[in-house]
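Residue numbers (this note's numbering): 106 to 212. The next block holds one structure in the form of structure tokens; read it before the comments.
Put into structure tokens, the structure is as follows:
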């Protein structure tokens, strides 16, 4: 006799506990989704989760140095003096609004 929906759900829940399976959720922008879809097409895999897991396993196989290189930021972020000064001034302005905050000037 076929198992009921409740029996199948219970068995699935038991397996998730047994294998310490956790659901990971991740939001990403269009460009990242497009990359994932392209990798899915290349690998002829229709499951996002299995493609992402494969990518994680591959990056892990590179070792610490290889993973660090593969995952390093592609662009260097440089903050101009004008932006830094403006941010500093706005921060001081906000701090001054709250009399309980202490302002520490760095030299």
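C-beta atoms are modelled at their ideal positions from N, C-alpha and C, and glycine is treated no differently. Quick caveat, the model's predicted, so the values are computed rather than measured.
Could you compute how far the alpha carbon of residue 111 sits from the alpha carbon of residue 150?
Inter-residue distance for residue 111 and residue 150 is about 29 Å (C-alpha atoms, whole angstroms).
Tell me, to the nearest whole angstrom, how far the beta carbon of residue 172 is from that of residue 164; I am working on the premise that it is less than 8 Å.
For residue 172 against residue 164, the beta-carbon gap comes to about 5 Å, under 8 Å, which counts as contact.
How is residue 117 classed by DSSP in three states: helix, strand or coil?
helix
Between the C-alpha atoms of residue 147 and residue 191, what's the straight-line distance to the nearest angstrom?
47 Å
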